[in-house]
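**Q** To start, I am sharing the structure in question, which I have written as structure tokens.
Residue numbers (the working numbering), protein chains in the order written: chain C, 10 to 329; chain S, 10 to 329.
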């Protein structure tokens, strides 16, 4: 592969080149013209089905994701629709966006599928994307779509607002916690109760499962009526217990989203993405203005009393 | 007074009408076209000298400000320059921006000067200003300037980031605290050590003054070298102890700011204001876009795969 042109890379990625796909994702992370060209191509293809997986660190998300990949590939479709023979996984750890940690993570995580040709795993960092990870990830999902992936798993580590936002920008959102009083409370505090379609109590061979389930149920009751009441499942990811049930719950939620609900959900998400891109674009323009000669000239005019800040801002914005 | 035109009101305010001045400040609080017209006139006149007064609630700031008004009016100038025969006071309590509390506060606070014709006291709230209080206050200061005030005191309650930003956007910033171990620590945490020109330990007839002074001195030492090392004063505002010394410290800082330092400080502040107005303007434009038919059309194009979010944002921003 010699070309670095996004159009050529998309074609190669579509034919199965992992190197081409990896380079396109690097473009997305880096921002700039190559990212713009990549986005223009990727958004022509419809989105893969996205399963978001999130929860506090140490809950066993990676092991669970690893197991989910196997079950998903074994089934190869949601109920006959949406056939897929490969799964793309994006791993997001915003706590280390600028270190090599995320890249190293690719190698040591998900050992079970590291060399499986039907599986593509990528840790996402952001090095220059206009809108940071919360926009880089939706773009990366679309790049997977353009490379013929029809199923994407997006795993985020941590329960900060950004992680929750990224993980919940999915078609089905899975929240992973462990038995114990604290986890349900923490999930509630982080807003995970509002975004979860499926709760997984992983490490369910430990004490406290019943209490965690009861706490979750009570909090869900307090949240009022749900068109889809989040399912609460128990798993032991390390030995595969409960993984089939998790996949069945994903399929059931996929089925629930038929009759226009998936379109509705994606429309809302599209609005949110466009809103965020707009904000990021104007923020970038303001920062650009802030460092220019035109800005300095308006500051001098202000000091001389020949303009006011509102006229000055309008003048700057009308001549970008 | 029948006119509600900003130009006529500025002329009346210049001639001493408090009603006209009050209406102009309401325009500033409310935003919109009347605010724009008011700003256009107010920024033609140079800024009054601004003394910011801030610190944790309950420290006695209002009583101290009240005493400072008397001393300032008794002197009537900074060292012969900047003569003034009236003082304008803006009171900012961001914790109650939308209640009537701030307005009521005008009446019950600063009893000593409530009916003094040389004193104008106004609590600022924001009801619609584009940039909230952090932009409404600088505008209000300029309106005072246009009404011939050459000295303005801006008192903020609380030690949140906004309060600190507003109070420190002054020519001289006074930080008021009380004796006791906690206040100096809190001031440090809130970033007040970086913005203070003068520290006042009010209620200095209580125990703990020496310790507070020592804590402040140590923290200032840790902060490295200062061109102007903040003065630490002791006052008992309720009986006037130390108020003359406070005024002398303000005058000394005013003198320090000669030789271009005042201009330098105001230039930096002007840049910050213009930056903030730019951000507020584009935020408002994005919000406007978000609710328009053009936005909806771009969302549909995105769902149809005929554009990407970045092209969509550019299209929206090029046709406001």
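We treat Cβ as the ideally placed atom computed from N, Cα and C, and that holds for glycine.
The structure presented is a predicted model; accordingly, all values stated were derived computationally and were not measured.
1) Any beta-carbon of chain C closer than 8 angstroms to the one on residue 55 of chain S?
2) Nearest CA to the CA of residue 174 of chain S: which residue from S:30, S:281, S:307 and S:35?
3) For residue 46 of chain C and residue 156 of chain C, I'd like the C-alpha separation in whole angstroms.
4) Can you give the Cα-Cα distance for residue 255 of chain S and residue 78 of chain S, rounded to whole angstroms?
5) Answer yes or no: does any C-beta atom of chain S fall closer than 8 angstroms to that of residue 15 of chain C?
6) Classify residue 87 of chain S as helix, strand or coil using the three-state DSSP reduction.
7) Once DSSP output is grouped into helix, strand and coil, what is the label at residue 36 of chain S?
8) Sort out for me which residues DSSP pairs residue 101 of chain S with in a bridge.
9) Could you tell me whether any Cβ in chain S is nearer than 8 angstroms to the Cβ of residue 33 of chain C?
10) If distances are taken between C-alpha atoms only, which option among S:51, S:73, S:180 and S:291 comes closest to residue 287 of chain C?
11) Might you give, ordered along the chain, the residues of its own chain that have their beta carbon closer than 7 angstroms to the beta carbon of residue 72 of chain S, omitting 5 neighbours on each side?
12) Between the stretch 33 to 53 of chain S and the stretch 316 to 326 of chain C, are three or more C-beta pairs nearer than 8 angstroms?
13) Name the chain S residues whose beta carbon is nearer than 9 angstroms to that of residue 308 of chain C?
14) Tell me which residue opens and which closes the beta strand (DSSP E) that residue 242 of chain S is part of.
15) Look at residue 242 of chain C and residue 208 of chain C and say whether their C-beta atoms are less than 8 angstroms apart.
16) Just to check, is the beta-carbon of residue 18 of chain S closer than 7 angstroms to a non-hydrogen atom of the ligand FAD?
17) Mind pulling the chain C residues with CB within less than 7 angstroms of residue 319 of chain S?
18) Could you tell me the distance, in whole angstroms, from the CA atom of residue 20 of chain S to the CA atom of residue 189 of chain S?
19) Name the chain C residues that come within less than 7 angstroms of residue 202 of chain S, Cβ to Cβ?
20) So who's on the other strand from residue 160 of chain C, going by DSSP bridges?
21) Identify the continuous beta strand (DSSP E) that holds residue 182 of chain S and give its terminal residues.
22) For the beta strand (DSSP E) containing residue 208 of chain C, name the first residue and the last one.
23) Measure the Cβ-Cβ separation of residue 80 of chain C and residue 253 of chain C and say whether it is below 8 angstroms.
24) Just how far apart, CA to CA, sit residue 220 of chain C and residue 202 of chain C?
25) Taking its Cβ as the centre, do 16 or more other Cβ atoms sit within 10 Å of residue 212 of chain S, making it buried, or is it exposed?
26) Would you say residue 73 of chain S lies against chain C (beta-carbon separation less than 8 angstroms)?
27) Does the stretch 85 to 94 of chain C come within contact of the stretch 302 to 309 of chain C, defined as at least 3 CB pairs closer than 8 angstroms?
28) Name, please, each residue of chain S whose Cβ falls closer than 7 angstroms to the Cβ of residue 295 of chain C.
29) Helix, strand or coil for residue 297 of chain S per DSSP?
30) Run down chain C in chain order and give the residues with a C-beta less than 8 angstroms from the C-beta of residue 314 of chain S.
31) Which same chain residues, not among the five before or five after residue 151 of chain S, have their C-beta less than 8 angstroms away from its C-beta?
32) Report the CB separation of residue 186 of chain S from residue 65 of chain S in whole angstroms; it is logged as a contact under 8 angstroms.
33) Identify, in the order they occur along the chain, each residue of the same chain with its Cβ nearer than 6 angstroms to the Cβ of residue 180 of chain C, setting aside the five sequence neighbours on each side.
34) Looking at residue 98 of chain C: is its Cβ nearer than 8 angstroms to the Cβ of residue 74 of chain C?
35) Do you know offhand how far residue 165 of chain C's Cα is from residue 217 of chain S's?
36) To the nearest angstrom, how far is it from the Cα of residue 262 of chain S to the Cα of residue 298 of chain C?
**A** This is what the structure holds:
1) For residue 55 of chain S, the answer is yes, since a Cβ of chain C falls inside 8 angstroms of its Cβ.
2) The residue with the shortest Cα to Cα distance from residue 174 of chain S is S:281.
3) About 15 angstroms.
4) Looking at the two C-alpha atoms, the distance is approximately 11 angstroms.
5) Among the CB atoms of chain S, none fall inside 8 angstroms of the CB of residue 15 of chain C.
6) Strand, per DSSP.
7) If DSSP states are grouped into helix, strand and coil, residue 36 of chain S belongs with the helices.
8) Looking at the DSSP assignment, residue 101 of chain S forms a beta bridge with S:133 and S:165.
9) Not closer than 8 angstroms to any Cβ of chain S, the Cβ of residue 33 of chain C fails to qualify, so no.
10) A check of alpha carbon separations from residue 287 of chain C across S:51, S:73, S:180 and S:291 identifies S:291 as the nearest.
11) Answer for residue 72 of chain S: 246 and 247, listed in chain order.
12) Touching, yes.
13) Within chain S, the residues near residue 308 of chain C are 276, 279, 280 and 283.
14) Boundaries of the beta strand (DSSP E) harbouring residue 242 of chain S: 240 to 243, taken from the DSSP string.
15) The answer is yes: Cβ separation under 8 angstroms.
16) As for the ligand FAD, it is missing from this structure, which has no ligand bound.
17) What residue 319 of chain S touches in chain C: 45, 48 and 286.
18) Each residue's alpha carbon lies about 49 angstroms from the other.
19) Near residue 202 of chain S there are no residues of chain C at all, since even the closest Cβ is about 27 angstroms away, more than 7 angstroms.
20) Paired residues: C:58.
21) Taken as a continuous stretch (DSSP letters only), the beta strand (DSSP E) holding residue 182 of chain S covers 181 to 186.
22) Residues 207 to 210.
23) Yes. Within cutoff.
24) Rounded to whole angstroms, the gap between the alpha carbons of residue 220 of chain C and residue 202 of chain C is 16 angstroms.
25) By the 10 Å Cβ count, residue 212 of chain S comes out buried.
26) Not an interface residue.
27) No, they do not touch.
28) What residue 295 of chain C touches in chain S: 287, 288 and 291.
29) If DSSP states are grouped into helix, strand and coil, residue 297 of chain S belongs with the helices.
30) What residue 314 of chain S touches in chain C: 52, 53, 54 and 55.
31) If we look at residue 151 of chain S and ignore the five residues flanking it on each side, its Cβ neighbours are 48, 51, 52, 54 and 56.
32) That belief holds up - the Cβ atoms of residue 186 of chain S and residue 65 of chain S are roughly 7 angstroms apart, short of 8 angstroms.
33) So the list reads 58 and 59, once near-sequence residues are dropped.
34) Closer than 8 angstroms, so yes.
35) The straight-line gap from Cα to Cα measures roughly 50 angstroms.
36) Looking at the two C-alpha atoms, the distance is approximately 34 angstroms.
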